[in-house]
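Novice: Counting in numbering that gives the first Met the number 0, the sequence shown runs from 0 upward without gaps. Don't be surprised by glycine CBs; every beta carbon is placed ideally from N, CA and C. After the structure tokens below, expect a handful of questions from me.
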Amino acid sequence: MKEMDFCDLRCQYAEFPKADAIDGSGSCRTFVGLYCTLKKSLVMKNKICDLKVYRNETPFQKDQGST
0 MKEMDFCDLR
10 CQYAEFPKAD
20 AIDGSGSCRT
30 FVGLYCTLKK
40 SLVMKNKICD
50 LKVYRNETPF
60 QKDQGST
């Protein structure tokens, strides 16, 4: 059984949004939104994601179930 992956900064596609204060928190990085370069949009941090690829693995390794 595949374990669930969640959107966070460990994903190679996730980064902080370029715009400051998109949720009123200024630039302190406490917001719950991340920018997904794969989806090209803001996504909810910690939302379940089937596309997550950890920064230190390739998409091929993820498909093979490597850790």
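(1) Starting from the C-beta of residue 41, find all residues in its chain whose C-beta is less than 8 Å away, skip the five residues before and the five after it, and write them out in chain order.
(2) What do you get for residue 46, buried or exposed, if any count of 16 or more other CB atoms within 10 angstroms of its CB means buried?
(3) So, for residue 51: in the same chain, excluding its five sequence neighbours on each side, which residues have a beta-carbon less than 6 Å away from its beta-carbon?
(4) Taking C-beta to C-beta, are residue 53 and residue 37 nearer than 7 Å?
Specialist: Answer, in terms of the structure:
(1) One-based indexing of the sequence shown puts residue 41 at position 42. Within the same chain, residue 41 has close Cβ partners 16, 21, 32, 33, 34, 35.
(2) Taking the sequence shown and counting its residues from 1, the one referred to as residue 46 is at position 47. Counting the other Cβ atoms within 10 Å of the Cβ of residue 46 gives fewer than 16, which makes it exposed.
(3) By one-based count along the sequence shown, residue 51 stands at place 52. Counting only Cβ-Cβ distances below 6 Å, and skipping sequence neighbours, we find 4, 10.
(4) What you label residue 53 is simply residue 54 of the sequence shown in a count that begins at 1. What you label residue 37 is simply residue 38 of the sequence shown in a count that begins at 1. No, they are not a contact pair.
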